[in-house]
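Here the sequence shown is numbered in UniProt numbering, starting from 1 and rising by one per residue. For every residue, glycine included, the Cβ atom is placed at its ideal position computed from N, Cα and C. Structure first, then comments.
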Amino acid sequence: MISYRCYSIAILWFLALNNGGLLLLSNGGTTSSFIRNEEKSIDMPFDSDVFHAPSGYNAPQQVHITQGDHVGKAVIVSWVTMDEPGSDTVFYWPQDSTQKNQTKGQMYTYKYYNYTSGYIHHCTLKNLEFNTKYYYEVGVGHTTRTFWFVTPPEVGLDVPYTFGIIGDLGQTYDSNRTLTHYEMNPVKGETVLYVGDLSYADHYEFHDNRRWDTWGRFVERSVAYQPWIWTAGNHELDYSPPIGEKKPFKPFLHRYHVPFEASGSTEPLWYSIKRASAYIIVLSSYSAYGTYTPQYMWLIEELPKVNRSETPWLIVLMHSPWYNSNTYHYMEGETMRVMFESWFVKYKVDVVFAGHVHAYERSERISNIAYNIVNGECTPVHDQNAPVYITIGDGGNIEGLATYMMEPQPKYSAFREASFGHATFEIKNRTHAYYSWHRNVDGYAVKSDSMVFFNRHWYPKNESICQT
Ligand SMILES: *[C@@H]1O[C@H](CO)[C@@H](O)[C@H](O)[C@H]1NC(C)=O
Ligand SMILES: *[C@@H]1O[C@H](CO)[C@@H](O)[C@H](O)[C@H]1NC(C)=O
Ligand SMILES: *[C@@H]1O[C@H](CO)[C@@H](O)[C@H](O)[C@H]1NC(C)=O
Ligand SMILES: *[C@@H]1O[C@H](CO)[C@@H](O)[C@H](O)[C@H]1NC(C)=O
Ligand SMILES: *[C@@H]1O[C@H](CO)[C@@H](O)[C@H](O)[C@H]1NC(C)=O
Ligand SMILES: *[C@@H]1O[C@H](CO)[C@@H](O)[C@H](O)[C@H]1NC(C)=O
Ligand SMILES: [Fe+2]
1 MISYRCYSIA
11 ILWFLALNNG
21 GLLLLSNGGT
31 TSSFIRNEEK
41 SIDMPFDSDV
51 FHAPSGYNAP
61 QQVHITQGDH
71 VGKAVIVSWV
81 TMDEPGSDTV
91 FYWPQDSTQK
101 NQTKGQMYTY
111 KYYNYTSGYI
121 HHCTLKNLEF
131 NTKYYYEVGV
141 GHTTRTFWFV
151 TPPEVGLDVP
161 YTFGIIGDLG
171 QTYDSNRTLT
181 HYEMNPVKGE
191 TVLYVGDLSY
201 ADHYEFHDNR
211 RWDTWGRFVE
221 RSVAYQPWIW
231 TAGNHELDYS
241 PPIGEKKPFK
251 PFLHRYHVPF
261 EASGSTEPLW
271 YSIKRASAYI
281 IVLSSYSAYG
291 TYTPQYMWLI
301 EELPKVNRSE
311 TPWLIVLMHS
321 PWYNSNTYHY
331 MEGETMRVMF
341 ESWFVKYKVD
351 VVFAGHVHAY
361 ERSERISNIA
371 YNIVNGECTP
381 VHDQNAPVYI
391 TIGDGGNIEG
401 LATYMMEPQP
411 KYSAFREASF
421 GHATFEIKNR
431 THAYYSWHRN
441 VDGYAVKSDS
451 MVFFNRHWYP
461 KNESICQT
């Protein structure tokens with residue numbers, strides 16, 4: 001059951017309370033008063049069940065997959081072996097076949113302070129059939145392990161597809177709850193849009209990179225079977241000159257490969273993919289985005305390439321949110337917003353997912369692009385060409401919840417709550433998508449915040465008007 005929120009009720013309430021006097025910070029939405037557990041989240045200890053290495057000499061571990069090309073006909077399979085390099089080969093076969101195909105990948109290692117990584121393998125399976133279940137096998141001899149994935153349907157206009165959205169997961173008991181809720185949700189996500197901050201290994205002294213390994217083993221139960229689309233967060237920087245680590249993103253870039261070249265990007269930190277009826281653009285909040293920088297030059301060329309007759313849904317992922325009314329990380333996304341927001345409005349982005357703030361928030365469709373230094377027009381306004389901004393950095397990491405909100409709730413904020421959870425985005429056809437956020441303290445099937453999305457290109461109606 002989808003619940004509908006009525007914007008006009010909030011407006012009437014605001015008028016009654018404030019007599020219309022306060023323009024900038026008038027209450028436009030809902031701050032959930034839900035009472036949650038205020039205990040600090042703690043990391044699961046090294047000997048936790050979810051971190052157990054698979055048995056057998058040199059057994060492949062930390063197996064994960066992501067999309068391997070621009071359209072969904074390729075998959076990057078990655079894994080780590082600890083004892084010796086082992087085999088680079090992946091065997092794979094479609095469900096209804098016994099004939100195994102094989103392809104060879106490449107192996108990498110890195111050092112971080114006094115940590116030496118295992119042998120990290122990346123192998124791209126190409127020319128796969130759409131909409132097909134494949135099995136794949138990694139390792140050799142007694143220690144092979146077999147997994148499976150389902151390729152997406154061919155890119156197209158009315159192709160239904162369901163994404164899960166998770167951010168800032170970390171590896172606490174709460175992280176484990178978030179992942180379990182995602183797995184148990186009756187709305188079955190087929191691919192995870194991951195909005196950054198993975199392992200939080202940098203929380204430990206010398207960025208104890210063994211915590212990158214435990215994270216890889218923890219999430220394997222999902223990401224070995226369905227692709228997670230990676231976005232880099234600040235906890236991927238691992239930038240620490242005092243211990244001689246001056247190259248940003250070193251562990252992350254060695255461990256997580258993405259198909260950036262397929263979208264003409266020159267860096268794995270920003271790229272795009274098409275999947276089913278969605279065009280997904282991933283941006284890097286921690287790479288340069290000023291005029292003439294590589295990311296800027298890529299995005300200015302990228303947006304006009306999106307063909308809404310082919311991929312009606314335009315989704316952007318980034319780590320640091322542009323619209324966030326939490327006191328944590330307030331305005332950190334502002335400089336990137338100033339650079340790119342007018343493009344998002346021009347190209348009618350449907351939704352932007354961000355993480356970073358450890359709470360949940362959904363905005364109205366608003367933009368703030370009229371300002372030109374002298375005209376004073378610096379207040380967000382309702383804008384039906386603008387995306388909805390969703391902050392979902394509430395995966396459950398060790399830093400705990402961000403519970404202090406700006407008061408009163410800004411008018412642009414439709415719903416906010418400091419609880420852990422995940423979301424799903426169910427594309428139905430070119431016009432409709434069902435979105436919902438699920439908090440961990442509720443049952444698996446409970447939707448704590450929902451919205452029916454109307455596609456900005458094909459059905460640009462105002463969703464805030466009460467629907468029945
Ligand atoms: C790295 O250095 C830290 C601090 O000196 C020490 O506790 C740890 O055991 C070392 N790790 C390795 C793999 O040498
Ligand atoms: C095996 O993989 C190669 C390389 O991707 C591909 O060209 C070929 O069509 C595949 N063969 C089968 C039988 O799937
Ligand atoms: C993590 O969650 C899984 C699935 O619910 C459970 O089997 C496992 O025991 C949990 N582990 C920890 C350390 O909480
Ligand atoms: C957009 O995609 C549609 C459907 O695939 C195609 O017919 C059309 O030619 C494309 N338009 C452009 C400008 O490429
Ligand atoms: C698109 O999906 C929505 C929601 O399921 C449905 O109400 C609508 O009729 C569908 N549109 C078409 C053209 O099928
Ligand atoms: C959308 O609908 C709401 C509720 O009726 C209204 O307050 C808002 O101004 C509308 N926005 C636009 C841009 O029409
Ligand atoms: Fe972050």
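heavy atom of ligand 1 below 8 Å from residue i C-beta
{"i": "residue 245", "result": "no"}
{"i": "residue 113", "result": "yes"}
{"i": "residue 220", "result": "no"}
Pairwise C-alpha distance: residue j and residue i
{"i": "residue 396", "j": "residue 99", "result": "42 Å"}
{"i": "residue 143", "j": "residue 172", "result": "29 Å"}
{"i": "residue 122", "j": "residue 364", "result": "40 Å"}
{"i": "residue 247", "j": "residue 271", "result": "20 Å"}
{"i": "residue 24", "j": "residue 380", "result": "Residue placement at residue 24 cannot be trusted, given a pLDDT of 36 that sits under 50; the coordinates are not used to answer."}
{"i": "residue 452", "j": "residue 425", "result": "10 Å"}
{"i": "residue 418", "j": "residue 258", "result": "31 Å"}
{"i": "residue 196", "j": "residue 132", "result": "28 Å"}
{"i": "residue 255", "j": "residue 120", "result": "7 Å"}
{"i": "residue 2", "j": "residue 29", "result": "Interpretation of residue 2 is limited by its pLDDT of 40, a score under 50 that renders its predicted location unreliable; the figure taken from the coordinates is listed afterwards. Cα to Cα, the separation comes out at about 18 Å."}
{"i": "residue 296", "j": "residue 289", "result": "5 Å"}
{"i": "residue 386", "j": "residue 334", "result": "16 Å"}
{"i": "residue 243", "j": "residue 41", "result": "27 Å"}
{"i": "residue 383", "j": "residue 449", "result": "22 Å"}
Bounding residues of the beta strand (DSSP E) (the contiguous stretch that carries residue i)
{"i": "residue 424", "result": "421-427"}
{"i": "residue 437", "result": "432-439"}
{"i": "residue 253", "result": "No beta strand (DSSP E) contains residue 253, which is instead part of the alpha helix (DSSP H) from 250-255."}
Given residue i as reference, the closest of the options once Cα atoms are compared
{"i": "residue 320", "options": "426, 84, 129 and 233", "result": "233"}
{"i": "residue 178", "options": "444, 456, 134 and 454", "result": "444"}
{"i": "residue 367", "options": "373, 361, 377 and 360", "result": "377"}
{"i": "residue 86", "options": "95, 386, 93 and 104", "result": "104"}
{"i": "residue 353", "options": "293, 332, 423 and 202", "result": "423"}
{"i": "residue 310", "options": "154, 136 and 126", "result": "154"}
{"i": "residue 350", "options": "328, 314 and 224", "result": "314"}
{"i": "residue 191", "options": "174, 205 and 166", "result": "166"}
{"i": "residue 286", "options": "306, 202 and 249", "result": "249"}
{"i": "residue 44", "options": "362, 438 and 214", "result": "214"}
{"i": "residue 223", "options": "70, 77, 401 and 463", "result": "77"}
Near ligand 7: residue i beta-carbon under 8 Å from a heavy atom
{"i": "residue 356", "result": "yes"}
{"i": "residue 235", "result": "yes"}
{"i": "residue 333", "result": "no"}
For residue j and residue i, believed in contact at Cβ under 8 Å, the rounded distance
{"i": "residue 73", "j": "residue 130", "result": "7 Å"}
{"i": "residue 263", "j": "residue 161", "result": "Their Cβ separation, rounded to whole angstroms, is 19 Å, which puts residue 263 and residue 161 out of contact at 8 Å."}
{"i": "residue 199", "j": "residue 211", "result": "5 Å"}
{"i": "residue 117", "j": "residue 58", "result": "That belief does not hold up - the Cβ atoms of residue 117 and residue 58 are roughly 15 Å apart, past 8 Å."}
Residue i: CB within 8 Å of a non-hydrogen atom of ligand 3
{"i": "residue 44", "result": "yes"}
{"i": "residue 119", "result": "no"}
{"i": "residue 176", "result": "yes"}
{"i": "residue 173", "result": "yes"}
{"i": "residue 180", "result": "yes"}
N-terminal and C-terminal residue of the alpha helix (DSSP H) that residue i is part of
{"i": "residue 180", "result": "173-184"}
{"i": "residue 274", "result": "Element bounds for residue 274: not the alpha helix (DSSP H) but the beta strand (DSSP E), 271-275."}
{"i": "residue 343", "result": "334-346"}
{"i": "residue 297", "result": "294-302"}
{"i": "residue 472", "result": "Missing from the structure shown is residue 472; the chain here goes from 1 to 468 and no further."}
Residue i beta carbon near ligand 5 (any heavy atom closer than 8 Å)
{"i": "residue 457", "result": "no"}
{"i": "residue 447", "result": "no"}
Interface flag, residue i vs chain D, CB-CB below 9 Å
{"i": "residue 77", "result": "Absent from the structure is chain D; it holds one protein chain and no more."}
Heavy atom of ligand 6 within 8 Å of residue i beta-carbon
{"i": "residue 382", "result": "yes"}
{"i": "residue 368", "result": "no"}
Any non-hydrogen atom of ligand 4 within 8 Å of residue i CB
{"i": "residue 307", "result": "yes"}
{"i": "residue 302", "result": "no"}
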